[in-house]
Every structure is written in structure tokens, then in C-alpha cells.
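**Student:** When we follow my numbering, the leftmost residue of the sequence shown carries the number 987, and every step to the right adds one.
Positions of the beta carbon are idealized from the N, C-alpha and C atoms, including for glycine.
Fair warning: this is a prediction, and the values are worked out from it, not measured in the lab.
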Amino acid sequence: MACTSCSAGGGCATGEFEKMAVFDWLSDMDVPAANRFNALEVRFKGGRKEFFRNINNLELYPGDAVIVEVQNGHHLGFVSMQGDLVRLQMRKKGVQDSDDLKAVYRLATAKDKEKYEQSRAREMPTLFRTRQIINELKLDMKLSDIEYQADNTKATFYYSADERVDFRELIKLLASEFKIRVEMKQISLRQEAGRLGGIGSCGRELCCSTWLTDFKSVSTGAARYQNLSLNPTKLSGQCGRLKCCLNYELETYMDSLRDIPSVDGPLFTQRGPAYLQKTDIFKKILWFGYHDETTWHQVSVERVNQIIALNRKGNKPASLEIDVMEISASPAPLNSDLAQLDKKFSKQDKDRKFRKKKKKPSAPNP
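1) Given a cut-off of 8 Å, decide if VAL1052 and LEU1087 are closer than it, judged by their beta-carbon atoms.
2) Check whether the segment 1244 to 1256 touches the segment 1208 to 1226, taking contact to mean three or more Cβ pairs, one atom from each stretch, closer than 8 Å.
3) Might you give, ordered along the chain, the residues of its own chain that have their beta carbon closer than 8 Å to the beta carbon of ASP1126, omitting 5 neighbours on each side?
4) Span of the beta strand (DSSP E) holding MET1067?
5) Tell me the DSSP secondary structure of TYR1047 in three-state form.
6) Note down the Cα distance separating ASN1138 from SER1203, rounded to an integer number of angstroms.
7) From LYS1099 to HIS1061, what does the alpha carbon distance come to, in whole angstroms?
8) Considering Cα atoms alone, identify which of ALA1141, ALA1089, PHE1153 and SER1105 is closest to LYS1124.
9) Tell whether a beta-carbon distance below 8 Å holds between SER1105 and TYR1134.
10) In whole angstroms, what separates the C-alpha of PHE1274 from that of LEU1232?
11) Can you give me the C-alpha to C-alpha distance between GLU1109 and GLU1235, rounded to a whole angstrom?
12) Using 10 angstroms around the beta-carbon of ILE1293, count the other beta-carbons present and answer buried if the total reaches 16, otherwise exposed.
13) Compute the Euclidean distance between the alpha carbons of GLN1075 and TYR1211, then round it to the nearest angstrom.
14) Just how far apart, CA to CA, sit GLY1184 and GLU1103?
15) Does the distance from the C-beta atom of LEU1071 to that of LEU1046 stay below 8 Å?
16) Can you give the Cα-Cα distance for LYS1270 and LYS1229, rounded to whole angstroms?
17) With a floor of 4 residues, list each alpha helix (DSSP H) that falls wholly inside the segment 1236 to 1272, ordered by position along the chain.
18) Any idea what DSSP makes of THR1142, helix, strand or coil?
19) Taking the C-alpha atoms as reference points, what is the distance between SER1248 and PRO1048?
20) Apart from the five residues just before and just after GLN1326, which ones in its own chain have a Cβ nearer than 6 Å to its Cβ?
21) Measuring CB to CB, does GLU1131 end up less than 8 Å from LEU1182?
22) Pull the bridge partners of ASP1152 from the DSSP assignment, please.
23) Given a threshold of 16 other Cβ atoms within 10 Å of its Cβ, counted over all protein chains shown, does SER1199 qualify as buried or as exposed?
24) Helix, strand or coil: how does DSSP classify MET1127 here?
25) With the cut-off set at 8 Å, would you say ARG1073 and PHE1023 are in Cβ contact?
26) For my contact list, CYS1225 and ALA1179 are in at a C-beta cut-off of 8 Å; report their separation, rounded to the angstrom.
27) Whole-angstrom Cβ separation of VAL1056 and VAL1028, contact assumed at under 8 Å?
28) For CYS1194, count neighbouring C-beta atoms within 10 Å of its own C-beta (all shown protein chains included) and say buried if the count is 16 or more, exposed if not.
29) Does ALA1304 pass the burial test, meaning 16 or more other C-beta atoms within 10 Å, or should it be called exposed?
30) Could you round the C-beta distance between THR1142 and GLU1169 to whole angstroms and report it? I think they count as a contact, below 8 Å.
31) What three-state label does DSSP hand GLN1082 in the structure shown?
32) Leaving out the 5 sequence neighbours to the left and right, which residues in its chain are closer than 6 Å to GLY996 when beta-carbon positions are compared?
33) Among TYR1261, PHE1268, GLY1258 and ARG1227, which has the Cα closest to the Cα of ILE1246?
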């Protein structure tokens, strides 16, 4: 069931249910109309956003469908941001506040929205037919999405390819068959996944299709620092590249790793060399194991630093836990006092027998 603020044509006035929705945290501030920033951020298909100038000072709200100026025509988009928050966003993306910004013509009418829906209905048939043409021309490229302009005079074809593609013949065939101006735009695999959308292994919608706009490089080192298994099937996203979320907590792990010693080899003890098996970065605990046993020994970071210092001096501690093995006196056997009494009485019995034997007279010779 839709909320009452949803507008016709697919725009949501609240912005909560839209792709790449933005929360305007400056909307409650009262700014005089004369000082209000007159640039807008307008959202198009696939989360694409551009900045436009509100030259006619229209009273607009997030989610309103507007007709904006584009090259050689006009297009329909939805307002995603306005006010001083747009100024901050333009500064963040490096867009100059100049007269080069294209204009917002007017609010979209019912006829504009109807024509926009008709252009959207052409996208899927055009996509299937274009893929057939690409196969006939044997071009090494993957067509992922098509966006028609609201005036039905131009279409942008988004594709991905590993190498440079000569699609001049393709453009001629598309222009003659669909009677439109054709623009071919190459996108990366991450951008392709963001336009198509999907559900990630975490069970949530893909970050690149909901809020992530800047794609930073991700390396396997991020997985190593976080003690993750280097399994390509688990570390790769739907785009086939390493998951962008591997960078989310990397700085936290890097800060915690500053206190963890670098163990490049085994720790030498009198019991034998102990090899690193596992590291708990946040608890500051390392586990070591010997070759002759399957048990892992839990060692603190301070103790590991002590053993490394001893090994550098050529010394070996007794074990991972202690430096010197204390030799204690062997404990007395059980019932040792009774054994001493038995020994005493047996000696007295021997003395009595010896005295009796000595007092007995010897027999006379015949």
C-alpha cells in the first residue's frame, strides 16, 4: 500500500523508497527566499544524478517530477535534493556553481508523465533487439541497460567491455531501426551491478544500487588484514570483483594491528619452535602451536614481544608461558613415615638375632 505522499510517475515525495535516496537534514531550517540556493539535484533512472538551476524559482519538493534541460532536448527526472545541502554536495563532487548548469523548465504535467512511461516501455524491447544485433555483428561487448530520453528523441546504451570496441556500424543500425539519436556509454562492472541491482550475500540490497556512489579500489590485502579466508567465491560480489564492503572496517583493523607484533617466523622455545596459527586482533591474543601436538596455546601480545626479544638475544624460554623451568624437590612418597618405622624395627630384629647367635655355646670336640 502506497503512502499518500507518493506522486504519479514513480516519484516518492518522502524519498524513503527511492534508489539513492537522500535525507535532507537542513530541511527544517528557515532560510529567506532571497538567500535560498537555487540549484537542485535531480535523479534519473539507475540512480544517476545531476545538478540543475531553478531559474524560474519554482516551489519544488523532493520527489517532484520536473522537466529539465538536456543536450538537444528535454528529459524528466525527480527532485532528490534542494537548498544549501545541494551546495555542499556540489562542493563534494567538484561541480562549479556557474552558469553552465542546465535549467529546470517546469513541473511535469500528466501528459509529460504519460510520454515518459511510453519511453520507458520501449527500453526492454530495444534492449533485446540490440543484443541480437550485437551477436550478429560479433562484437565483444555486454549491453546491460538502456535509458530513453523523455522526449523519445535519444537513447543512451550502457555497456561493458574488456577491450576497445568499434561500434560505428552498430550505431548506424540502431539509429536507422529505432529512429533515435544513439549514445554509447561504457561503464565498469561495479556500475553495471549498481544499475541492475540485486541482493548481496549479506541478505540486503546491493550497496552500489542504494547508497554507494564512489567506487574505491579493493585489494586482497584488505581481506588479509581482517583474517578472512582468501576464497574468491566468498570475497567477490555480483559484479565479479572484490566486494566493496571489504573496505568498510579496514581502517579499524589497521588501527588495532598497530599493537600486534609482526611474527614472520616461529617462536623458538626449549620445547621446540611454535608457529602462529591464529590472531585475535581486538582481544590482543595470538595462538601458537607445536608440530608434535594439535593443541593451540593462547599467548598475549606482551608475552609474544618478550619471547621475540629473547630470541633476538639468542635465548630460548622454557615454553610459551614461562622463561625458566623451576626444579622443585621431589615430593615424599605416600606413607613414608610408616616405611621408616618398618625399616627401624627390621634393623632391631636383625640385631637381636645376631646377639642370640653369638651367646649360644659351641659343642665340645670328642
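**Tutor:** In short:
1) Start at 1 with the first residue of the sequence shown, and residue 1087 comes out as number 101. Start at 1 with the first residue of the sequence shown, and residue 1052 comes out as number 66. Note that the C-beta distance between LEU1087 and VAL1052 is not below 8 Å.
2) Output reads no: the segment 1208 to 1226 does not touch the segment 1244 to 1256.
3) By one-based count along the sequence shown, residue 1126 stands at place 140. Closer than 8 Å at Cβ, skipping near neighbours: ALA1147, ASP1148, GLU1149 and VAL1151.
4) Locating residue 1067 in the sequence shown gives position 81, counting from the first residue. Here the beta strand (DSSP E) through MET1067 covers 1059 to 1068.
5) On the sequence shown, residue 1047 is found 61 positions in, with the first residue counted as 1. Note: TYR1047 maps to coil in three-state DSSP.
6) The sequence position of residue 1138 within the sequence shown is 152, counting from 1. The sequence position of residue 1203 within the sequence shown is 217, counting from 1. In this structure, the straight-line span from the alpha carbon of ASN1138 to that of SER1203 is close to 37 Å.
7) Reading the sequence shown from its first residue, position 113 is the one you call residue 1099. Reading the sequence shown from its first residue, position 75 is the one you call residue 1061. Across the structure, LYS1099 and HIS1061 are spaced so that their CA atoms are roughly 11 Å apart.
8) Reading the sequence shown from its first residue, position 138 is the one you call residue 1124. For LYS1124, the closest alpha carbon among the candidates ALA1141, ALA1089, PHE1153 and SER1105 is that of PHE1153.
9) What you label residue 1105 is simply residue 119 of the sequence shown in a count that begins at 1. What you label residue 1134 is simply residue 148 of the sequence shown in a count that begins at 1. Contact: yes.
10) As a working mapping, residue 1274 is identified with position 288 in the sequence shown. As a working mapping, residue 1232 is identified with position 246 in the sequence shown. Taking the Cα positions, PHE1274 is about 27 Å away from LEU1232.
11) By one-based count along the sequence shown, residue 1109 stands at place 123. By one-based count along the sequence shown, residue 1235 stands at place 249. Taking the Cα positions, GLU1109 is about 39 Å away from GLU1235.
12) If you number the sequence shown from 1, residue 1293 lands on position 307. Taking all protein chains in view, the Cβ of ILE1293 is crowded by 16 or more other Cβ atoms within 10 Å, so the residue is classified as buried.
13) Against the sequence shown, residue 1075 aligns to sequence position 89. Against the sequence shown, residue 1211 aligns to sequence position 225. Straight-line measurement puts the Cα of TYR1211 at about 33 Å from the Cα of GLN1075.
14) Stepping through the sequence shown from its first residue, residue 1184 is reached at position 198. Stepping through the sequence shown from its first residue, residue 1103 is reached at position 117. C-alpha separation (whole angstroms): 23 Å.
15) Indexing the sequence shown from 1 puts residue 1071 at position 85. Indexing the sequence shown from 1 puts residue 1046 at position 60. Cβ distance not < 8 Å, so LEU1071 and LEU1046 don't count as in contact.
16) Position 284 of the sequence shown holds residue 1270. Position 243 of the sequence shown holds residue 1229. In this structure, the CA atom of LYS1270 is about 27 Å from the CA atom of LYS1229.
17) 1236 to 1243, all fully within the segment 1236 to 1272.
18) Here the question's residue 1142 lines up with position 156 in the sequence shown. In this structure, THR1142 counts as strand in the three-state DSSP scheme.
19) The residue labelled residue 1248 in the question sits at position 262 within the sequence shown. The residue labelled residue 1048 in the question sits at position 62 within the sequence shown. Their Cα atoms are separated by approximately 52 Å.
20) For the purposes of this step, residue 1326 is taken as the residue at position 340 of the sequence shown. Closer than 6 Å at Cβ, skipping near neighbours: no residue.
21) Here residue 1131 is taken as the residue at index 145 of the sequence shown, counted from 1. Here residue 1182 is taken as the residue at index 196 of the sequence shown, counted from 1. One detail in the question is off: residue 1131 reads as Asp in this sequence, not Glu. Closer than 8 Å, so yes.
22) Numbered from its first residue, the sequence shown carries residue 1152 at position 166. Partner(s): none; ASP1152 has no beta bridge.
23) Counting from one through the sequence shown, the residue named residue 1199 turns up at place 213. Reading off the sequence, residue 1199 comes out as Thr, not Ser. By the neighbour-count definition (other C-beta atoms within 10 Å, threshold 16), THR1199 is an exposed residue.
24) Taking the first residue of the sequence shown as position 1, residue 1127 is located at position 141. DSSP, reduced to helix, strand and coil, places MET1127 outside both helices and strands of the structure shown, so it counts as coil.
25) In the sequence shown, residue 1073 corresponds to position 87, counting from 1. In the sequence shown, residue 1023 corresponds to position 37, counting from 1. Contact flag set, yes.
26) Within the sequence shown, numbered from 1, the residue matching residue 1225 stands at position 239. Within the sequence shown, numbered from 1, the residue matching residue 1179 stands at position 193. About 4 Å; that satisfies the 8 Å criterion.
27) Residue 1056 sits at position 70 when you count from the first residue of the sequence shown. Residue 1028 sits at position 42 when you count from the first residue of the sequence shown. In fact, because the Cβ distance is near 10 Å, the residues do not count as touching under 8 Å.
28) As a first step, residue 1194 is located in the sequence shown; it is residue number 208 there, counting from the start. Buried, since its Cβ has 16 or more Cβ neighbours within 10 Å.
29) By one-based count along the sequence shown, residue 1304 stands at place 318. With fewer than 16 Cβ atoms within 10 Å of its Cβ, ALA1304 is classed as exposed.
30) One-based indexing of the sequence shown puts residue 1142 at position 156. One-based indexing of the sequence shown puts residue 1169 at position 183. In this structure THR1142 is in contact with GLU1169, their Cβ atoms being roughly 5 Å apart against a cut-off of 8 Å.
31) If you number the sequence shown from 1, residue 1082 lands on position 96. In the three-state DSSP reduction, GLN1082 falls in the coil class, being neither helix nor strand.
32) The sequence position of residue 996 within the sequence shown is 10, counting from 1. Annotation note: pLDDT 42 at GLY996 (below 50); position unreliable, coordinate value reported separately. Here the set comprises nothing.
33) Within the sequence shown, the letter at position 260 stands for residue 1246. Taking only the C-alpha atoms, the option nearest ILE1246 is PHE1268.
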